[in-house]
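Numbering (the UniProt record's numbering), first residue to last: 1 to 191.
To keep things clear, I will list the structure first and then write my remarks on it.
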Amino acid sequence: MGRSASASGWYDEKSSLVKKGPWTPEEDEKLVEYIQRYGHGSWSWRALPKLAGLNRCGKSCRLRWTNYLRPDIKRGNFSQEEEQTIINLHALVGNKWSAIANNLPGRTDNEIKNFWNTHLKKKLLQMGIDPVTHRPVTATNSDNIHHLYYLMINHLLSSLAPQLLASSSSSGTCSSLANNNLMMNMNPWGK
DNA sequence: AAAGCTCACAACCGCCGGCTC
DNA sequence: AGAGCCGGCGGTTGTGAGCTT
């Protein structure tokens, strides 16, 4: 089933008039006010811009709300524990940012994805760990840190991945696994 | 001081799966 | 059964801020 861009919500029938780019405080205010007043369920994202008096496509509104305006979003730097959780979960499920975000309350998939791409990937590479495979970059490297990390990830992949993937949509399922004592104790970069 | 570069992150884009008709 | 709508996802891009030269 192929889908056009218009069907996915980026452009409506008057696409040339739909505004793109950064949101203004006024637009934010309109969006927040409408959602807070009417809650979810009585409208669709596609219909919302018109209802709220916004010259945006529904998809842009949804993204703005879920990634930035939602009241439960946690702002600020990632803690060591959050960082550790992301790395552990990424080793289990890969680039499933929404599944990872489900286990980090207040964090969005977009935020985690950005954090991974700008910080964690580099950090792992500096440690000599491939951020994709979570294995040492050099096959012959038997350094203790790499070896511990490798054992840890393999242990988790073999024992936990099936159940994690099966329940990745339900929040709270993974966090206890990702943060369990074994993993924290084996954390090769400390803290 | 200013031009160029790098980094971080908000936003865009295209695609997919589920659902409805 | 299949076409279309919708919400959601992950990859990519644009841009502003901060840093370096």
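For each residue, glycine too, the CB sits at the ideal point set by N, CA and C.
query: State buried or exposed for N102, treating a residue as buried only when at least 16 other CB atoms are found within 10 Å of its CB.; result: buried
query: Between the Cα of A52 and those of R75, D28 and N67, spot the shortest distance and give me the residue it belongs to.; result: D28
query: Taking only the alpha-carbon atoms, compute the straight-line gap between Q80 and N67 and give it to the nearest angstrom.; result: 22 Å
query: How many Å lie between L104 and P136 at the Cα?; result: 27 Å
query: So what does DSSP say about I73, is it helix, strand or coil?; result: coil
query: Going along the chain, which residues of its own chain have a beta-carbon closer than 6 Å to the beta-carbon of P131, five neighbours each way excluded?; result: K121 and L124
query: In this structure, does DSSP put P49 in helix, strand or coil?; result: helix
query: Following the continuous alpha helix (DSSP H) through W97, name the residue where it begins and the one where it ends.; result: W97 to A101
query: Looking at I73: is its Cβ nearer than 8 Å to the Cβ of I86?; result: no
query: Determine, using beta-carbon pairs with one atom in the segment 88 to 100 and one in the segment 59 to 66, whether at least three such pairs fall under 8 Å.; result: no
query: To the nearest angstrom, report how far apart N114 and K50 are at their CA atoms.; result: 31 Å
query: Give a yes or no on whether the C-beta atoms belonging to K30 and L48 are separated by under 8 Å.; result: no
query: Could you check the C-alpha separation between T24 and E33 for me, to the nearest Å?; result: 14 Å
query: Going by DSSP, what residue range makes up the alpha helix (DSSP H) through F78?; result: Segment: none, F78 is in no alpha helix (DSSP H) and carries neither H nor E.
query: Do K19 and N46 come within 8 Å of each other at the CB atom, strictly closer than that value?; result: Here residue 46 turns out to be Arg, not Asn, going by the sequence shown. Their beta carbons are not under 8 Å apart, which means R46 does not touch K19 by this criterion.
query: Is P131 helix, strand or coil by DSSP?; result: coil
query: Which value, in whole angstroms, describes the spacing of the CA atoms of G39 and R70?; result: 12 Å
query: With DSSP as the reference, identify every bridge partner of P136, one or two as the case may be.; result: I129
query: Measuring alpha carbon to alpha carbon, tell me which of C61, R37, G94 and R75 ends up nearest T133.; result: G94
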